[in-house]
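Asks: Numbered according to our numbering, the sequence shown spans residues 307 to 390.
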Amino acid sequence: ELHQNYPNPFNPATTIKYQLPVSGEVSLKVFDMLGREVATLVNERVSGGTHEVSFDASNLSSGLYFYRLDAHGFVETRQMTLIK
Numbered sequence: 307e308l309h310q311n312y313p314n315p316f317n318p319a320t321t322i323k324y325q326l327p328v329s330g331e332v333s334l335k336v337f338d339m340l341g342r343e344v345a346t347l348v349n350e351r352v353s354g355g356t357h358e359v360s361f362d363a364s365n366l367s368s369g370l371y372f373y374r375l376d377a378h379g380f381v382e383t384r385q386m387t388l389i390k
């Protein structure tokens, strides 16, 4: 399960939480509105349970971004807003 980031809107950093039922390979990436990947936050084997990762967008422009969790064939995407 992928949770909504907090705070949202954010500047310049936010926290993203996600839960996994079992251990496995996890990918958590951030994309801009045009679908370009702007950050890879997680790309490794992760244990089951609740996890959180910090995203620092200091080098990005204000706007809408999407973050996507891919784990065990499960894919979920949410959006977040960066306001500078």
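From the three backbone atoms N, C-alpha and C, an ideal C-beta is built for every residue, glycine too. As the structure is a prediction and not an experimental result, all values here were calculated from the model.
(1) From Glu358 to Asn365, what distance separates their C-alpha atoms?
(2) Would you report the Cα separation of Leu375 and Gln310, rounded to the nearest angstrom?
(3) Runs of 3 residues minimum, wholly inside the segment 322–364: which ones carry the beta strand (DSSP E) assignment?
(4) Report all residues from its chain with a CB closer than 6 Å to the CB of Thr321; omit the five preceding and five following residues, and keep chain order.
(5) If we count the other Cβ atoms within 10 Å of its Cβ and call it buried at 16 or more, is Leu370 buried or exposed?
Replies: A quick look at the data gives this:
(1) In this structure, the alpha-carbon of Glu358 lies about 21 Å from that of Asn365.
(2) So the alpha carbons of these two residues sit roughly 12 Å apart.
(3) You should have 330–337, 343–352 and 355–362.
(4) Same-chain partners within the cutoff: Tyr312, Glu358 and Ser360.
(5) When all chains shown are included, Leu370 counts as exposed.
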